[in-house]
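>
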Amino acid sequence: MNPPAKLIFTISLLLGTTIVISSNHWVTIWAGLEINTLAILPLIAKSHHPRAIEAATKYFLTQATASTLLLFSATTNAWYTGQWDITQLTHPAACLILTSALAMKLGLAPFHFWFPEVLQGSSLTTSLILSTAMKFPPMTLLLITSPSLNPTLLTSMAILSAALGGWMGLNQTQIRKILAFSSISHLGWMVIIVSYNPKLTLLNFYLYALMTTTVFLTLNVIKTSKLSTLMTTWTKTPALSAMLMLTLLSLAGLPPFTGFLPKWFIIQELTNQNMAPAATAIALLSLLGLFFYLRLAYCATITLPPHTTNHMKQWHTNSPTSITIAILTTTSIMLLPISPMILTTI
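This is the structure in structure tokens:
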């Protein structure tokens, strides 16, 4: 893809996101989401591989359906209340349809099936955009409309997401699919708390985006997309592989890393809201995800030659690590000590 085209699509992505997060009218929000969808499609399909075309088609169909549902929800609410303002969503049917539309946009269970397939057909850079930037507009809508949505339904969908994200990621060998199921699982943590403390949802989303960006950029540098090739990267970039292992453990939510911070706050808030059973359930389900993060970490660092993989060993490179990856990795694993300061802002 030539640079001017890539620049146009990137500007369109930024424009679509800005329109969504700054609008309070449903029609302009819908227009912003459509701009976003149309801008990312060429980036998914740019390799012209059949898998990439298939991923772009699946993405277009699901996002178009979600946008239609969102517009239908807004129209239903306007029909009964005469209000097109995003904060005036009061009709129960409109709230239910909007929950389905946002779940489809985000890839939240039970509307999650498109997400791993689309990520698997995209390049690592496009997968990063799909996992982080493309989730920001629907996440903003979820935060703004959360007082109108049904908390019981959101909690049920969140626990289902955490369960399916952990369970379906267990048997995967493709790293992009594993990270897709990781995203579905993390969405469960974000959605379960949105009705009670939206700032915690936003904090969880920011830290998830930070850690996922670190993992994808590291994988892009070491040119790895399968577990079998990940086993051979230790000989090529030992320092980067060690940092990848620590970032994956942070993404799993192990203390003393950054990823433990949102999980700790969310469990604490759920307990304060007399939702200890839900907190226990989602904490236990996150152990499923911990298994495949440990598997990735094991393949990245602990599997040393000789081993049974058929892939050729890679040459050791002395090229310096990118300063961006160095900063992102540091913040991905070392923010837990400043949790009291973060707690004062929530």
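When we follow full-length UniProt numbering, the leftmost residue of the sequence shown carries the number 1, and every step to the right adds one.
Note that the Cβ used here is the ideal one computed from N, Cα and C, for glycine as well.
Given a cut-off of 8 Å on the beta-carbon distance, is the pair T301 and S241 in contact?
Yes.
> Please tell me whether T247 and T233 are closer than 8 Å, where the distance is taken between their beta carbons.
Going by C-beta atoms, T247 is not nearer than 8 Å to T233.
> Looking at the secondary structure, which residues open and close the alpha helix (DSSP H) in which F292 lies?
Where F292 is concerned, the enclosing alpha helix (DSSP H) stretches over A276 to A297.
> For M243, which residues in the same chain have their Cβ closer than 6 Å to its Cβ, ignoring the five residues on either side in sequence?
Excluding sequence neighbours, M243 sits near T329.
> Taking DSSP as the reference, what is the three-state secondary structure of H91?
DSSP places H91 in coil when its eight states are reduced to three.
> Hey, is the stretch 267-286 in contact with the stretch 323-342, meaning 3+ C-beta pairs nearer than 8 Å?
No, the stretch 267-286 is not in contact with the stretch 323-342.
> Taking all protein chains shown into account, decide if L219 is buried (16 or more other Cβ within 10 angstroms of its Cβ) or exposed.
Label assigned to L219: buried.
> With a cut-off of 8 Å on the beta carbons, I'd call I35 and F72 a contact; round off their distance for me.
So it is not a contact: roughly 19 Å between Cβ atoms.
> Could you compute how far the alpha carbon of L69 sits from the alpha carbon of L149?
Each residue's Cα considered, the two are about 15 Å apart.
> Where does H49 fall in DSSP's three states?
Of the three classes helix, strand and coil, the one that applies to H49 here is coil, per DSSP.
> Take I40 and list the residues in its own chain whose beta-carbon comes closer than 8 Å to its own, dropping the five residues that flank it on each side.
Counting only Cβ-Cβ distances below 8 Å, and skipping sequence neighbours, we find F9, L13, Y59, T126, I129, L130 and M134.
> Checking the sheet assignment: what are the DSSP bridge partners for K226?
Partner(s): Q174.
> What number of angstroms, rounded off, separates the C-alpha of S146 from the C-alpha of T140?
Roughly 10 Å between the two C-alpha positions.
> Would you report the Cα separation of F111 and A239, rounded to the nearest angstrom?
Each residue's Cα considered, the two are about 38 Å apart.
> In the structure shown, what three-state DSSP assignment does H186 receive?
Helix, per DSSP.
> Return the CA-CA distance between P3 and W30, expressed in angstroms with no decimal places.
Whole-angstrom Cα-Cα distance: 28 Å.
> Can you tell me which residues form a DSSP beta bridge with H25?
DSSP lists D85 as partners of H25.
> According to DSSP, is Y206 helix, strand or coil?
Helix.
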